[in-house]
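**Student:** Dropping a structure here in structure tokens format, bear with me for questions.
Number of protein chains: 2
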Amino acid sequence: MLFKKHQQVLDAALAACSARHYWSPFIESPSRQLHPKDAHANGKAAFEALLQKPFSLDQPAEIGRTGHEVSPYTQRPLGIDYPKIDVDSAMQASSDARLSWQQVSPEERVGLCFEMAFALEKQCFTNAYATMHTAGQAFLMAYSGSGPNALDRGVEALTYAHKAMADVPNRALWSKTFGRAGEVTLEKSYRLVPRGTAVVVCCATFPMWNAYPAIFANLATGNPVIVKPHPNGILPVALAVRCIRKILADHDYDPNLLIMAADTRDQPITLALLQHPDTAIIDYTGSQEFGLWIEKNCADKLVYTETAGCNGVVIQSTDNLDGMIDGLANALCGFSAQMCTSPQNIHFPLSGIDSDQGRIHFADFEQLLATAINSRVDNPVRAAALCGAIQADESLAILARLRSDPCVDVILDSGPYQHPEFPEARTATPLVLAVDAEHHALYSREHFAPVCFLIKEQDAEAALNNATQLARQHGAIASYLYSTDPVYKVRAENAFADAGASLWCNMTVPMPINFAAAYSDYHITGLNPAGNACLADLAFVANRFRIIQFRQPL
Amino acid sequence: MLFKKHQQVLDAALAACSARHYWSPFIESPSRQLHPKDAHANGKAAFEALLQKPFSLDQPAEIGRTGHEVSPYTQRPLGIDYPKIDVDSAMQASSDARLSWQQVSPEERVGLCFEMAFALEKQCFTNAYATMHTAGQAFLMAYSGSGPNALDRGVEALTYAHKAMADVPNRALWSKTFGRAGEVTLEKSYRLVPRGTAVVVCCATFPMWNAYPAIFANLATGNPVIVKPHPNGILPVALAVRCIRKILADHDYDPNLLIMAADTRDQPITLALLQHPDTAIIDYTGSQEFGLWIEKNCADKLVYTETAGCNGVVIQSTDNLDGMIDGLANALCGFSAQMCTSPQNIHFPLSGIDSDQGRIHFADFEQLLATAINSRVDNPVRAAALCGAIQADESLAILARLRSDPCVDVILDSGPYQHPEFPEARTATPLVLAVDAEHHALYSREHFAPVCFLIKEQDAEAALNNATQLARQHGAIASYLYSTDPVYKVRAENAFADAGASLWCNMTVPMPINFAAAYSDYHITGLNPAGNACLADLAFVANRFRIIQFRQPL
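Protein chains in written order, with my numbering: chain A, 332 to 885; chain B, 332 to 885.
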């Protein structure tokens, strides 16, 4: 039984979710020493073998072929096509698959999801290249971000699903005395029933990081899944779907528990999926605007969203100036700030800050940050490893527009860097803009591009007020504080909490400051406009199934 | 510390929720032997002292007086008025109260809620009379239904709230090695943050049974509550609000964590409360129509509903004919079928059923049921104890309309019974109608009145199909099956589960067949139109709070 097979891993995951310490059952690094000798080369070859041909995915409801992905590294089409599905037929196949799946015990479903997770780990190298050439991530990030780190978030959600389901017993005996008539004993049984088909909408830049949690949470609780990849992020999803469908079939379960619904920008099918009467659950990752629309207009479905905010950094003081600057520079360069935790708005007091290197004024800070960024992007090898490529042309247009905005001073201009391996890569170094605090309209939303605003605040209080107000009104997924003042720190922690935002304080190198750890960092508070779902808490899973009871006298 | 004080009770409640056995920390019976000598007399006197005068409730935002309750037993006004509130001001007071309350530890909030529950138990006799003279329940039901049974459901919800909150640790240490740079250790803290003001809308017939779970679930998770009683069910709620506000104040907490928003039918304020921008959570008990409207139109709030369905009884066979007939007769008479678990549609095969007394045909069943009901309502003392009074005039109008419907045969007519204590009581004995199965329109919705339909089904299969289809399309809170055939029972259990309905099988006297037990019977599946909330599971509580995190290097 698969539950028994993975029970030790589950127990360790349960312990990690309780203690929220570091833990992973996966190999996080692609380092040669940690993998079979040819794993990397084979994975890469497997990816290359996929190019310029139809992707073989045996699933129902196919009515043609679709897909038009362009590699951010070559800016040429991958040349892969995928099944185009008929939505109604796919929905029917999904509903049909539920009928047998909901009869499978919750424990066995959980065990099978673990089996899937470890099978998916085996194709991490292939998926890393697929993610590179669709999202634009550098190899190392693509490896972890679509591999172990994404699987960790998936196992985390799976663990919470197990916890919520295990909270309901299978049976009970209930005895009660009714007056003189005497004792009555009832035997009761409780079955966990899924809600119905879940539609999982993936984003372009981190195709699997939110997809695995949603897929595992849904499958474990008995709900079949139709996964809708981003039009330029199909391949990583397709690889995962093919792997999971194989695991299902190998264990004699209906592979239609997971169906991929690919589309193109020109012929989108997302709305047809979301609004389909059979859709019971929606897991959405993407823009804040569309996420809020779904929350409002799909009230008859259970809706989980992770979208975007304008992540702020409040700088009040530091006892590690170099570490702070390096940490920020890394985060601004990292995947060209296309991460949902990338900082965007740096609130810095015009009055300057105290540091371990003396008083630092706004102009000092500008130059230190610009220098730190330059030292990273001036070296093409380092730039490539850190920045990767730009996922979409729109980001370049954003940079062009912002650079020439009359309200900004360009502290560090953005330009392409020459990728050492892919001369045609769509690249852009960080654009650093100084702006007066009053120009709210400019920075009060996410600009999905490598850009940061150095916002001139009157003082640390104004910085805190502005940053928390932005989090409250426009959302925040990660917020940052640098301060050595215990009183200010507590005030900031409370102010961000009041704004519905979590706060990461004094994060410096060597850790990537915006790294969010499965089993430990709750991702998304649900208390600001950046989404309503949390990776992972009980609320993420407890409502995906319902309880139906049978009772009769013993 | 109040948490410590009540920890043993909490532990017992946690055990009961896990094993789902019978348990209660409250005295379920009003029997003299179980209470202080004068408890009953004092409680009754306290109720009578409330009549014909203003109800003293010291709460903010009062802009006048309101309330017009009529006793179903005297059909005269209670003559009590209550604070009329300004919605905006009450909302503001509620939001203000949250600021300090959310700083209180979850454990202390849970402890204080237990303190409230035991304080509320002390006024059970007074509240029983208040419930009698607003809802129309007989004394015994009013005692348990607004007292121990309601408090049990409240403590159950409170226990789940504790469980969900205890799942999140206060702090964590997280250590991870980042390449050659070495190990980084972060200390993390997690705070549980309430969503905001919860509006709890109560129903007329069981004012506290759903109110206590909602109030305790919200208060425990940090959310202040504005409770909106039914216009004819204010007094039971007012008594509870006054008691809870006193407990809060006695322990130096802001009493505005619970505010009552009374209104009248002529000047309703429910919509203003539900649609207020500060309202974050809605707990609604009432009609299915309005419940579905809220689910659809208040998508920006967290919505929990318990409404109504057309509860069905499928009769295929029985080995205890007398017990079944008596059980059904009790349930049809009990509080004049004004309970959310009262059966309404009895599906009986025209081909008859097997029983321990031989073959029973439709005509036999009609007569047996009519006789059993008559034996209960012919005796005014027994009728009064069992049926109580009719809450609203509308129910009498429903009876008048149905009795003269051309599609029905009146098997047993409804009429007033003479209440031995209250000669003016609004009473009605059960109306029993026989109807052909084809007349769906007649019985495919809840008729809120003492009426049942004996539906002539071709056979047991047709009965099952019809009953499950009704549950699926029109909702069901309790469904009943009588069968001695193990194969048919399994099929029925699965068919009802497929329709999203729980099933109670072969329930006979001495137990009231429609009794739903806290800590054991999950109430409402959320999979059919009779509501989306479940008393009580993790989904009922886990999303009422959110998690905000602070992290920094150790």
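Cβ atoms here follow ideal geometry from the backbone N, Cα and C, with glycine treated the same way. Small disclaimer: the values here were computed from a predicted structure and weren't measured.
#1: Can you confirm whether Gly476 of chain A, when its beta carbon is compared against all beta carbons of chain B, has any partner nearer than 8 Å?
#2: So what's Ser745 of chain A in DSSP terms, helix, strand or just coil?
#3: Just the C-alpha distance for Arg776 of chain B and Asn554 of chain B, rounded to the nearest angstrom, thanks.
#4: Looking at C-beta atoms only, is the number of pairs between the stretch 348-366 of chain B and the stretch 383-395 of chain B that lie closer than 8 Å three or more?
#5: Using only alpha-carbon positions, find the residue among A:Phe779, A:Met472 and A:Glu752 that is nearest to Leu762 of chain A.
#6: When Cβ atoms are compared, which residues of the stretch 640-663 of chain B fall closer than 7 Å to chain A?
#7: If you draw a straight line from the C-alpha of Ser506 of chain B to the C-alpha of Ala720 of chain A, how long is it?
#8: In the DSSP assignment, find the unbroken alpha helix (DSSP H) run with Tyr811 of chain B in it and report its ends.
#9: How about Asn874 of chain B: is its C-beta nearer than 8 Å to some C-beta of chain A?
#10: Whose C-beta lies closer than 8 Å to the C-beta of Lys336 of chain B among residues of the same chain, with five residues either side of it excluded?
#11: Under 8 Å between C-beta atoms, does Thr856 of chain B make it to chain A?
#12: Give the range of the alpha helix (DSSP H) segment to which Val712 of chain B is assigned.
#13: Answer yes or no: does any C-beta atom of chain A fall closer than 8 Å to that of Gly862 of chain B?
#14: Quick check on Glu304 of chain A: does DSSP put it in helix, strand or coil?
#15: In three-state terms, what does DSSP make of Ala611 of chain B?
#16: DSSP on Lys368 of chain A, reduced to helix/strand/coil?
#17: Does any C-beta atom of chain B lie closer than 8 Å to the C-beta of Gln880 of chain A?
#18: State the CB to CB distance for the pair Cys783 of chain B and Pro674 of chain B, rounded to an integer number of angstroms; the pair is presumed to be in contact (CB under 8 Å).
#19: Which residue marks the beginning of the beta strand (DSSP E) containing Asn676 of chain B, and which one marks its end?
#20: Within 10 Å of its beta-carbon, does Glu379 of chain B have 16 or more other beta-carbons around it, so buried, or fewer, so exposed?
#21: List the residues of chain A whose Cβ lies closer than 9 Å to the Cβ of His692 of chain B, in chain order.
#22: Compare the C-beta of Met670 of chain B against all C-beta atoms of chain A and say whether one is closer than 8 Å.
#23: Starting from Arg734 of chain A, trace the alpha helix (DSSP H) both ways and give me its first and last residue.
#24: Rounded to a whole number of angstroms, what is the C-alpha to C-alpha distance between Phe881 of chain A and Asn676 of chain B?
#25: Identify the contact partners of Glu824 of chain B in chain A, using a Cβ-Cβ distance below 8 Å as the criterion.
#26: By the criterion of Cβ-Cβ separation under 9 Å, what are the contact partners of Glu626 of chain B in chain A?
#27: Go ahead and pull the three-state DSSP assignment for Ser686 of chain A.
#28: Compare the C-beta of Val524 of chain A with all C-beta atoms of chain B and state if any pair is closer than 8 Å.
#29: Between which two residues does the alpha helix (DSSP H) harbouring Ile878 of chain B extend?
#30: Put Met591 of chain A into one of helix, strand or coil per three-state DSSP.
#31: Exposed or buried, what is Glu514 of chain B when buried is set at 16 or more other beta-carbons lying within 10 Å of its beta-carbon?
#32: Runs of 4 residues minimum, wholly inside the stretch 369-439 of chain B: which ones carry the alpha helix (DSSP H) assignment?
#33: In angstroms with no decimal places, state the Cα-to-Cα distance between Ala731 of chain B and Tyr521 of chain A.
#34: What's the call for Thr528 of chain B, buried or exposed, on a 16-neighbour Cβ count within 10 Å?
#35: Could you pull out every unbroken beta strand (DSSP E) segment of at least 3 residues lying fully inside the stretch 523-568 of chain B, listed in chain order?
#36: Quick one: which chain A residues come within Cβ less than 9 Å of Asp609 of chain B?
**Tutor:** Looking at the coordinates:
#1: Using a Cβ-Cβ cut-off of 8 Å, Gly476 of chain A does not count as an interface residue toward chain B, since no Cβ of chain B sits closer than that to its own.
#2: Three-state result, Ser745 of chain A: coil.
#3: Cα-Cα distance, rounded: 35 Å.
#4: Under the three-pair Cβ rule at 8 Å, the stretch 348-366 of chain B does not count as touching the stretch 383-395 of chain B.
#5: For Leu762 of chain A, the nearest C-alpha among the options comes from A:Phe779.
#6: Taking 7 Å as the Cβ-Cβ cut-off against chain A, none of the residues of the stretch 640-663 of chain B qualify.
#7: Distance between the alpha carbons of Ser506 of chain B and Ala720 of chain A: 30 Å.
#8: Per DSSP, Tyr811 of chain B belongs to no alpha helix (DSSP H); it is in the beta strand (DSSP E), Tyr811 to Tyr813.
#9: By the rule that beta-carbons nearer than 8 Å mark a contact, Asn874 of chain B touches chain A.
#10: Gly442, Phe445 and Glu446, listed in sequence order.
#11: Taking Cβ atoms only, chain A reaches closer than 8 Å to Thr856 of chain B, which makes this a yes.
#12: Run containing Val712 of chain B: Pro711 to Cys718, per the alpha helix (DSSP H) assignment.
#13: No - not a single Cβ of chain A is within 8 Å of the one on Gly862 of chain B.
#14: It is not possible to answer for residue 304 of chain A, since the shown part of chain A is limited to 332 through 885.
#15: In this structure, Ala611 of chain B counts as strand in the three-state DSSP scheme.
#16: It is coil, neither helix nor strand.
#17: It does; some Cβ of chain B falls within 8 Å.
#18: Right, their Cβ atoms sit about 7 Å apart.
#19: Unbroken beta strand (DSSP E) run through Asn676 of chain B: Asn676 to Pro680.
#20: Counting Cβ neighbours within 10 Å, Glu379 of chain B comes out exposed, since fewer than 16 surround it.
#21: By Cβ distance, chain A contributes nothing, its closest Cβ being about 25 Å from His692 of chain B, past 9 Å.
#22: Chain A, which has no Cβ nearer than 8 Å to the Cβ of Met670 of chain B, makes this no.
#23: Asp724 to Arg734 is the span of the alpha helix (DSSP H), which, as asked, contains Arg734 of chain A.
#24: Near 19 Å, if we compare the C-alpha coordinates of Asn676 of chain B and Phe881 of chain A.
#25: Those within 8 Å of Glu824 of chain B in chain A are Phe881.
#26: Simply Ala630 and Asp631.
#27: Ser686 of chain A falls in the strand class under three-state DSSP.
#28: Chain B, which has a Cβ nearer than 8 Å to the Cβ of Val524 of chain A, makes this yes.
#29: Premise fails: Ile878 of chain B lies in the beta strand (DSSP E), Phe876 to Pro884, not in any alpha helix (DSSP H).
#30: Note: Met591 of chain A maps to strand in three-state DSSP.
#31: Looking at its Cβ environment, which holds fewer than 16 other Cβ atoms inside 10 Å, Glu514 of chain B is exposed.
#32: Look at the stretch 369-439 of chain B and you find these whole runs of alpha helix (DSSP H), each 4 residues long or longer: 370-381 and 418-432.
#33: Ala731 of chain B and Tyr521 of chain A: Cα-Cα distance of roughly 40 Å.
#34: Burial of Thr528 of chain B is indicated by the presence of at least 16 other C-beta atoms within 10 angstroms of its C-beta.
#35: If only uninterrupted beta strand (DSSP E) runs of at least 3 residues are considered, those enclosed by the stretch 523-568 of chain B are 528-532 and 556-559.
#36: For the C-beta of Asp609 of chain B, not a single chain A residue is nearer than 9 Å; the gap to the nearest is close to 14 Å.
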